[in-house]
Amino acid sequence: MKETIALKDGRKVVVRDISPNEDIRALCKFANDIIEEDVYILVNKKVSAAEEKAWLKGQVEKVRKGALVHLLAQSGRRIVGGCEARTERGRESKNVFLGIIVSKDFRGAGLGEILLKKTIELAKKRLKPELIYLTHMGPNDPARRLYEKTGFREVARLPKWTPYRGKRLDRVYMVLKK
Ligand SMILES: CC(C)(COP(=O)(O)OP(=O)(O)OC[C@H]1O[C@@H](n2cnc3c(N)ncnc32)[C@H](O)[C@@H]1OP(=O)(O)O)[C@@H](O)C(=O)NCCC(=O)NCCS
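Numbering (my numbering), first residue to last: 2 to 179.
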């Protein structure tokens, strides 16, 4: 898919499937800016161009095998958002796990909601999931509100699970209502 979307603040972004020909520098910048910001995500180590290239190859292969939907949002040459839906392994292969990130200066303009909804729509078509879920760290209110607005409900909470800035935060599991 490839669509130009107008955000609430008037800016336009292109939302599209990840491609084998991604600009590795743009991908690295997107990932490393988020890692530097130290937001509520699991990844906390910056990536090199070689690592990102290998990662891209893996993502493209998973898309080809029908195990992944990965949408990117692009503004000019910048990647400013990404949302992926991937199948779990073996017996859980009809369980689909979602993850989403929007660059700091593109937040609050509706991009997260658009990316999440479009990823779910495509995942339903392409991955035929029986269950769609995601997780967030306890205090991540922007993420939780977005997920609740999209139809996710909390089903489990792992107390003091994820180390973050010298503390341990709950990890919350949410499932999409049918
Ligand atoms: C969570 C995240 C993806 C939201 O993306 P976004 O583009 O800012 O979200 P949107 O502008 O589409 O907002 C959609 C809804 O999310 C909620 N939301 C977004 N930002 C919020 C904030 N700062 N405070 C409270 N709710 C917020 C609201 O319900 C909002 O709907 P509304 O505008 O009708 O109130 C974004 O904040 C982000 O990437 N954060 C850093 C990485 C991260 O935490 N990823 C999720 C890991 S679980």
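Here a beta-carbon is modelled for each residue, glycine too, at the ideal position from N, C-alpha and C.
task = Can you tell me which of Phe-31, Arg-78, Leu-99 and Asp-34 puts its alpha carbon nearest to the alpha carbon of Ala-144?
result = Taking the first residue of the sequence shown as position 1, residue 144 is located at position 143. Looking at the Cα atoms, Leu-99 is the closest of the given residues.
task = State buried or exposed for Lys-119, treating a residue as buried only when at least 16 other CB atoms are found within 10 Å of its CB.
result = Residue mapping note: residue 119 aligns to position 118 of the sequence shown, counting from 1. Buried, since its Cβ has 16 or more Cβ neighbours within 10 Å.
message = Can you find the residues in the same chain that come closer than 6 angstroms, C-beta to C-beta, to Ser-76, ignoring five residues on each side of it along the sequence?
response = Working through the sequence shown from its first residue, we reach residue 76 at position 75. Excluding sequence neighbours, Ser-76 sits near Val-14.
task = Go ahead and label Met-2 buried or exposed: buried means 16 or more other beta carbons lie within 10 angstroms of its beta carbon, across all protein chains shown.
result = For the purposes of this step, residue 2 is taken as the residue at position 1 of the sequence shown. Exposed, because fewer than 16 other Cβ atoms sit within 10 Å of the Cβ of Met-2.
task = From the DSSP output, read off the bridge partner residues of Asn-96.
result = Here residue 96 is taken as the residue at index 95 of the sequence shown, counted from 1. DSSP, once it has assigned bridges, lists Leu-132 as partnering Asn-96.
key: Leu-159 to Ile-101 span [Cα, whole Å]   = In the sequence shown, counting from the first residue as 1, residue 159 sits at position 158. In the sequence shown, counting from the first residue as 1, residue 101 sits at position 100. Distance between the alpha carbons of Leu-159 and Ile-101 is about 20 angstroms.
ask   = Where does Asp-10 fall in DSSP's three states?
value = Along the sequence shown, one-based indexing puts residue 10 at 9. Three-state DSSP puts Asp-10 in coil, outside helix and strand.
request  = Mind listing, in chain order, the continuous beta strand (DSSP E) runs of no fewer than 3 residues lying wholly within the region 51-105?
outcome  = 69-76, 79-88 and 96-103
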